[in-house]
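As structure tokens, the structure follows; a few thoughts come after it.
Residue numbers (the numbering used here), protein chains in the order written: chain A, 1 to 90; chain B, 1001 to 1402.
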């Protein structure tokens, strides 16, 4: 199982759960399994062509997936995934 | 009717109430304040602004707060310095430095955004304020929170300059040093913000916070005699400042303060953290995040939230972007200090370095009215120049010795 931390804007879809556990072998897979349990979530994360939206940041064990393998980044049991909206400078 | 109409998603246009929210629930796009420009146009005028306070609050009609119970009443309206010596050195007839090294109270442009953010946070009923910061923002939030009797948490990366760490502690906020870089701090804070009911100035208060940067555009135009400059050079970290200066120039036109905007917007980054400039030079409208490695720590954001919009604004204005090495950053700091008597922090060195490059490349021309934005004070980043400035001449206290 993968632990996924859900950001505030998506919690209405996860019955207000801040963390959910899903089985998944990759980020793309995770998006689909999340969608199966929480319908509507995929459309928030991905655009019409299925690509992750520009302002969605996803981290696996605190590393940005754009430094890993993007949507194809592999996941294994025990991994923690954070979904985080882009935030301003400081 | 309020001057603020709504918060609106920059991506999909969905509207939200003017509360402490920053992300579109539908598409994750950033929310931005939407104004009733027609109403503002009816009440704003050059005279009203000129008769207003000697602070950025003279542009209150274009700022996203409801009342006049300001936190940070003295922020902004910093000098626009005619830089004759630096202009002559670079070969520019009319160069100006917008000098936010002397912004009140914490010597960086962040006092503008924080004044707006905390004023709005108080209006929304918050008692605790917080931020993720590369230093200057934390200093400003700490100082303003002390003055406004607000509880305060600031989160900073573990490798900040000593003065920027001390510049928090003196005001006694809760200072949390995170083992990691700014992007790590940012991600952590974004998750913390979801759990606590705090006003995180650059997270859930961001739509208001970011608007404070527009005052750098307003002031420049007023100080130039209600004319827009031909060229501006702006340092980029998240890209928000550049985006908001562009927005501010256009708002002045929407509300009838000026007739046209003919400014080219140029963005500056350090080579060791230049995701936005790199994308621009490659002709891409998207950036790849990087792991920052530069002395310009205040600009060391590898995953710039407004990078996409900064690229767009620069392209729309027909401006340019460039980057400089850390050596050029130090040279830029020295050049500005030695020609104009202004001691800038590393971000200022980046701006001057890129200004120099753009003039050399013929992108900024001799006769163009040019403004360089110097956003922070050199006394906060002494580590960057300590090895470059030499030592005093030491003597015995006698006339002979001299």
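The C-beta atom is built at its ideal place from N, Cα and C for all residues, glycine as well. In this text the structure is predicted, and so the values were computed from the model without any measurement.
- Across the structure, residue 1051 (chain B) and residue 1104 (chain B) are spaced so that their CA atoms are roughly 20 Å apart.
- Against chain A, the CB of residue 1026 (chain B) has a partner CB under 9 Å away; the residue lies at that interface.
- In the assembly as shown, residue 1185 (chain B) is a buried residue. Its beta-carbon has 16 or more other beta-carbons within 10 Å.
- Comparing alpha carbon positions, the residue from A:72, A:75, A:66 closest to residue 1288 (chain B) is A:66.
- Pairing residue 28 (chain A) with residue 71 (chain A), the inter-Cα distance amounts to about 5 Å.
- Contact residues of the segment 54–71 of chain A toward chain B are 54, 55, 56, 57, 59, 62, 64, 66, 67 (C-beta to C-beta distance below 8 Å).
- At least one CB atom of chain A sits nearer than 9 Å to the CB of residue 1190 (chain B).
- Non-local C-beta neighbours of residue 1361 (chain B) in its own chain, meaning closer than 7 Å and more than five positions away in sequence, are absent.
- Taking the beta carbon of residue 1139 (chain B) as reference, no residue of chain A falls within 9 Å; the closest one sits roughly 11 Å away.
- Per DSSP, reduced to three states, the secondary structure at residue 1030 (chain B) is strand.
- Taking C-beta atoms under 8 Å as the contact rule, residue 1349 (chain B) and residue 1329 (chain B) qualify, at a distance of about 4 Å.
- In this structure, the CA atom of residue 1347 (chain B) is about 13 Å from the CA atom of residue 1161 (chain B).
- Spanning the alpha carbons of residue 1339 (chain B) and residue 1086 (chain B) requires a straight line of approximately 5 Å.
- Beyond the five residues adjoining it in sequence on each side, residue 1337 (chain B) comes within less than 8 Å, by CB distance, of 1343, 1344, 1378 in the same chain, given in chain order.
- Residue nearest to residue 1356 (chain B) within the set B:1402, B:1159, B:1313, B:1234 is B:1234 (criterion: CA-CA distance).
- Look at residue 58 (chain A) here: in three-state DSSP terms it is strand.
- Counting along the chain, residue 1010 (chain B) sits inside no beta strand (DSSP E), nor does DSSP assign it H or E at all.
- Within the segment 1274–1308 of chain B, the residues whose Cβ lies closer than 8 Å to any Cβ of chain A are, in chain order, 1286, 1288, 1289, 1291, 1301, 1303, 1304, 1305, 1306, 1308.
- Going by C-alpha positions, residue 1270 (chain B) is about 16 Å away from residue 1240 (chain B).
- Taking a 10 Å sphere around the C-beta of residue 1012 (chain B), we find fewer than 16 other C-beta atoms and assign the residue as exposed.
- Of the candidates B:1025, B:1116, B:1023, B:1008, the residue whose Cα lies closest to the Cα of residue 1060 (chain B) is B:1116.
- Cβ atoms of residue 1243 (chain B) and residue 1280 (chain B) stay farther apart than 8 Å, at about 14 Å.
- Interface with chain A (9 Å Cβ-Cβ cutoff): residue 1030 (chain B) is included.
- Listed along chain A are 9, 85, each with a C-beta nearer than 7 Å to that of residue 1023 (chain B).
- Where residue 68 (chain A) is concerned, there is no enclosing alpha helix (DSSP H), because DSSP gives it neither an H nor an E.
- Contact between the segment 1107–1127 of chain B and the segment 1202–1215 of chain B is established, with three or more Cβ pairs separated by less than 8 Å.
- Under the three-state reduction of DSSP output, residue 1171 (chain B) falls in the coil class, being neither helix nor strand.
- Rounded to whole angstroms, the Cβ separation of residue 1123 (chain B) and residue 1176 (chain B) is 26 Å, and the two are not in contact under 8 Å.
- Rounded to the nearest whole angstrom, the C-alpha separation of residue 24 (chain A) and residue 80 (chain A) is 11 Å.
- Taken atom to atom, the span from the alpha-carbon of residue 1042 (chain B) to that of residue 1049 (chain B) is near 13 Å.
- In the DSSP secondary-structure assignment, residue 1234 (chain B) is bridged to B:1267.
- For the set B:1071, B:1326, B:1075, B:1321, the Cα lying nearest the Cα of residue 1236 (chain B) is the one of B:1321.
- Annotation for residue 1195 (chain B): the continuous alpha helix (DSSP H) segment containing it runs 1182–1195.
- Residue environment for residue 1069 (chain B): exposed (fewer than 16 other C-beta atoms within 10 angstroms of its C-beta).
- With fewer than 16 other Cβ atoms from the protein chains shown falling within 10 Å of its own Cβ, residue 1402 (chain B) counts as exposed.
- Not one beta carbon of chain A lies nearer than 9 Å to the beta carbon of residue 1111 (chain B).
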